[in-house]
Amino acid sequence: MKKITLCFFIFILISIQFLGCSNSEETTSDSSDPTTIEEGQEINSDGIEAITTSDSSNQDNFEIRYVFNKDGKEVFSLFTDPALKAGDLYGYIFSFQESFDVFEGKELSITAVNQESGERFQALEPLKITESSSGFYSLQRFTTTFKIPYGGLWVYEVYLDGNGYGEVAVEVANEENPFEKQFSRIEIQEASKDGNYSEKVVITKGGILDELENIFEQVKWDPTIEVMMVGREDLKATLFIILEENKPEESYEYRIWFNEGGTATILSDNPKENNGRLNIEYTKVLKQMLFDIN
120 MKKITLCFFI
130 FILISIQFLG
140 CSNSEETTSD
150 SSDPTTIEEG
160 QEINSDGIEA
170 ITTSDSSNQD
180 NFEIRYVFNK
190 DGKEVFSLFT
200 DPALKAGDLY
210 GYIFSFQESF
220 DVFEGKELSI
230 TAVNQESGER
240 FQALEPLKIT
250 ESSSGFYSLQ
260 RFTTTFKIPY
270 GGLWVYEVYL
280 DGNGYGEVAV
290 EVANEENPFE
300 KQFSRIEIQE
310 ASKDGNYSEK
320 VVITKGGILD
330 ELENIFEQVK
340 WDPTIEVMMV
350 GREDLKATLF
360 IILEENKPEE
370 SYEYRIWFNE
380 GGTATILSDN
390 PKENNGRLNI
400 EYTKVLKQML
410 FDIN
């Protein structure tokens, strides 16, 4: 299990382009969307659910969402540790998009609310904002740590000078995430139209690899559907994973298509995963990271 010191190490190593990419214009590839063999239906990018929230706070029914939007624009997003569970201290990155003038001199606080019980507690005591995130024009990389007492769906309400600013919602596990894997390394190759691949770029344990773990935790896998893709994948990634301590590592191959609608389709040779879909928000981060690395 990751220690809190490792969480901060991950956050420090995340690149400026990673958190800044939410403000950049999304580019699209020439890849086509997938067609299922079983049903013969096109799985288009618009049909893949994105993590979003409504414009209003204090909703009666919450759902997991890592981005807070208002008036059709992203206000802030949240990045969590993939191993997040109750009872331990974990780190968070809040990426605020508004100018620093909105925050300067004000006190920022976070209240955690459990959906089922309604219990509330102060996750982050009021903190006066006096400077922007290092290397950024505002609070694009605001980091904090706190502990959630028990599992369930928790809403993180953000306040400025006691006034509601926005909220996101996170599922917190009671125990260690059973899907958690320890990535030992990843090999990335870009696919070309002539049928060849670029030379392998190998990433070992570090901030980038940890962030890739986080992204792969967000993929929605469906092992029951076989998918046939039109055209070659954009990238091929081979992940080397330690599933049990003192056991040989396993490797799985992932072929990744970036769809025109901003989502990603990922085909895995792991039979427990098989066909995966990644929503728009995490695809944007994944695309930025992998092409920059490659």
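Heads up: the sequence shown runs through residues 120 to 413, numbered per our numbering.
Glycine residues also receive a C-beta, built at the ideal position from the N, C-alpha and C atoms.
Predicted model, so just to flag it, every value in this text is computed and none were measured.
CB of residue i within 8 angstroms of CB of residue j, strictly
i: ASP353; j: ILE327; result: no
i: LEU282; j: PRO201; result: A quick correction: the sequence has Asn, not Leu, at residue 282. Contact flag unset, no.
i: ASN394; j: LEU386; result: yes
i: VAL291; j: LYS204; result: yes
i: ILE183; j: LEU272; result: yes
i: LEU258; j: LYS225; result: no
i: GLN308; j: LYS355; result: yes
i: GLU400; j: TYR185; result: yes
i: PHE195; j: PHE215; result: yes
i: GLY381; j: LYS403; result: yes
i: PRO342; j: LYS391; result: yes
i: ARG396; j: VAL338; result: yes
i: THR264; j: GLY210; result: yes
i: THR230; j: GLU276; result: yes
i: PRO245; j: SER218; result: no
i: PHE415; j: GLU286; result: The question about residue 415 has no answer, for the chain in this structure spans 120 to 413.
Endpoints, the beta strand (DSSP E) within which residue i is located
i: GLY326; result: Segment 326 to 336 is the alpha helix (DSSP H) holding GLY326; no beta strand (DSSP E) there.
i: THR384; result: 383 to 387
i: GLY206; result: No beta strand (DSSP E) holds GLY206; DSSP gives it neither H nor E.
i: ARG374; result: 369 to 377
i: TYR284; result: 282 to 291
i: THR357; result: 354 to 361
i: SER196; result: 192 to 199
i: ASP341; result: 339 to 341
DSSP three-state assignment for residue i, whether helix, strand or coil
i: VAL221; result: helix
i: LEU258; result: coil
i: LYS399; result: A small fix is needed here, since residue 399 is Ile in this sequence, not Lys. Reduced to three states, the DSSP call for ILE399 is helix.
i: GLN216; result: coil
i: MET408; result: helix
i: TYR211; result: strand
i: SER150; result: At SER150, the pLDDT of 39 sits below 50, so the modelled position is not reliable; the number obtained from the coordinates is stated separately. SER150 falls in the coil class under three-state DSSP.
i: ASN188; result: strand
i: MET347; result: strand
i: THR263; result: strand
i: LYS312; result: coil
i: LYS366; result: coil
Sequence-distant residues of its chain with Cβ nearer than 6 angstroms to residue i (five each side left out)
i: PHE198; result: ILE212
i: VAL232; result: ARG239, VAL274
i: GLU372; result: THR357, ASP388
i: GLY270; result: ALA205, VAL291, ALA292, ASN293
Beta-bridge partners of residue i, as assigned by DSSP
i: THR230; result: GLN241, GLU276
i: GLU306; result: VAL321, THR357
i: ASN393; result: ASP341
i: GLY271; result: VAL291
Same chain, Cβ closer than 8 angstroms to residue i, five either side skipped, listed in chain order
i: SER253; result: ARG260
i: LEU208; result: ILE123, THR264, PHE265, LYS266
i: LEU409; result: ILE307, LEU354, ALA356, ILE375
i: GLY314; result: ARG351
i: SER370; result: THR357, LEU358, PHE359, ILE360
Close-in-space but distant-in-sequence residues of the same chain around residue i (CB under 7 angstroms, 5 per side omitted)
i: ALA310; result: TYR316, ARG351, GLU352, ASP353, LEU354, LYS355
i: TYR284; result: VAL277, TYR278
i: GLU145; result: Low local confidence applies: a pLDDT of 38 at GLU145 is under 50, so the model's placement there is unreliable, and no value is given.
Any C-beta of chain B under 8 angstroms from that of residue i
i: ASN293; result: The structure shown contains no chain B, having only a single protein chain.
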